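K.L.:
In this text, residue positions in the sequence shown follow my numbering: the first is 46, and each later residue adds one.
My structure is below; once you've seen it, I'll send some questions.
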Amino acid sequence: MRALMEFRKTDVVRHLGLLDLQRTMQRALRRSGLPLKYSSGFNPHIVMSFASALSSGIPGDAELLDVSLSGETTQEACLAAMQRVLPPSLTVTRVRLVPDDFPKVGAALRQAEYLMTLRGGEAQQIAQAVEGFLAQEEIMALRKSKRGEAMVNIRPMLHELTVLPAEGEETVRLRARVSFVEQATLKPDLLLASLAEFAGVALPPHDIRRTRLLGEKDGVSTPLIDL
């Protein structure tokens, strides 16, 4: 049996890196009292994995941890156990139990959704440029990857870009849904930089939050935990 744990990484711990997050979750799991499965070998460790690493400095509302279990439990007991041992700034919000042969959620990841908040005088100009930005058939940008740097067309990687209701005169909120696969990942900072360049302004102060990780079910984008 495996437990898919959806958790929230809030602004308080947004600078927590992947290794620190792994250690934190491992400690919490050991303290939880759940029947955990350990790897074999000289240095056994909890069998767990994240659906996707979250960049340091970016909070996440629905991150996903995949944990292998060695015994029976219930979703309610698992949720209560994790909420008991984790702080409010890093808490599990939902648990789904699946069989061991359930597909790995990381392999099913196809898209990610972000909330981007821009502040300052240039924010409104960027918001006004969204319609024209999306009307382009091709948006060339310098994308960095493990293989190096290359100019690529990011337009096919951008599935949604919406201006949300404003919270102030000089504040703009954008919701973006982008491709998130190894061959074609569009990072939100590259999207913002390209949009600001199109609008002809410098990128203003901004915050980025990852709100959902998505797979695909029956041709429809679906939260990973619901696949």
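Each residue gets a CB set at the ideal place from its N, CA and C atoms; glycine is no exception.
As the structure is a prediction and not an experimental result, all values here were calculated from the model.
Taking 7 Å as the limit between beta carbons, can you name the residues of its chain near LEU79, skipping five residues before and five after?
P.N.:
LEU114, THR118, CYS123 and ALA126.
K.L.:
With distance defined between alpha-carbon atoms, name the residue in GLU215, LEU236 and ARG53 nearest to GLN170.
P.N.:
Comparing Cα positions, the closest option is GLU215.
K.L.:
First and last residue of the alpha helix (DSSP H) that includes ILE171?
P.N.:
Start and end: 166–180.
K.L.:
Please classify ASP303: does DSSP put it in a helix, a strand, or coil?
P.N.:
Residue 303 lies beyond the residue range present for the chain, which begins at 46 and ends at 272; the question has no answer from this structure.
K.L.:
Do LEU235 and LEU187 have their C-beta atoms within less than 9 Å of each other?
P.N.:
Going by C-beta atoms, LEU235 is nearer than 9 Å to LEU187.
K.L.:
Who does VAL208 pair with in a DSSP beta bridge?
P.N.:
Answer is LEU219.
K.L.:
In three-state DSSP terms, what is GLU117?
P.N.:
Coil.
K.L.:
Taking DSSP as the reference, what is the three-state secondary structure of ILE199?
P.N.:
Coil, per DSSP.
K.L.:
Which of the three DSSP states is assigned to PHE225 in this structure?
P.N.:
In the structure shown, PHE225 sits in a strand (DSSP, three-state: E or B).
K.L.:
For MET161, tell me which candidate among SER97, LEU209, VAL140 and MET185 has the shortest Cα-Cα distance.
P.N.:
Comparing Cα positions, the closest option is LEU209.
K.L.:
What would DSSP say about GLU183, mapped onto helix, strand or coil?
P.N.:
It is coil, neither helix nor strand.
K.L.:
Using a Cβ-Cβ cutoff of less than 8 Å, which residues in the same chain neighbour PRO144 once the five nearest sequence positions on both sides are dropped?
P.N.:
Closer than 8 Å at Cβ, skipping near neighbours: MET46 and ARG47.
K.L.:
Pull up the distance between the alpha-carbon of ILE184 and that of GLU176, whole angstroms please.
P.N.:
ILE184 and GLU176: Cα-Cα distance of roughly 13 Å.
K.L.:
By Cβ distance below 6 Å, which residues in the same chain neighbour ASP106 in space, the five residues on each side in sequence not counted?
P.N.:
Counting only Cβ-Cβ distances below 6 Å, and skipping sequence neighbours, we find ARG53 and THR256.
K.L.:
In this structure, what does DSSP give as the bridge partners for GLY260?
P.N.:
Paired residues: THR267.
K.L.:
Could you round the C-beta distance between GLN120 and LEU142 to whole angstroms and report it? I think they count as a contact, below 8 Å.
P.N.:
Going by Cβ atoms, the distance from GLN120 to LEU142 rounds to 5 Å, so yes, they are a contact pair.
K.L.:
Around the Cβ of MET202, are there at least 16 other Cβ atoms within 10 angstroms (buried) or fewer (exposed)?
P.N.:
Buried, since its Cβ has 16 or more Cβ neighbours within 10 Å.
K.L.:
What span of residues does the alpha helix (DSSP H) with THR138 cover, start to end?
P.N.:
THR138 -> not in any alpha helix (DSSP H); beta strand (DSSP E) instead, spanning 135–143.
K.L.:
Could you check whether ALA96 and ASP111 sit closer than 9 Å to each other, using their CB atoms as the reference points?
P.N.:
Cβ atoms of ASP111 and ALA96: closer than 9 Å.
K.L.:
Please confirm whether ALA229 and GLU158 have their CB atoms less than 9 Å apart.
P.N.:
No, these two residues do not count as a Cβ contact at 9 Å.
K.L.:
Determine the extent of the beta strand (DSSP E) in which LEU49 is found, giving its start and end residues.
P.N.:
Unbroken beta strand (DSSP E) run through LEU49: 47–54.
K.L.:
Tell me the rounded alpha-carbon separation between ALA238 and PHE147.
P.N.:
Distance between the alpha carbons of ALA238 and PHE147: 38 Å.
K.L.:
How about ILE270 and LEU49: do their beta carbons lie closer than 9 Å?
P.N.:
Cβ atoms of ILE270 and LEU49: closer than 9 Å.
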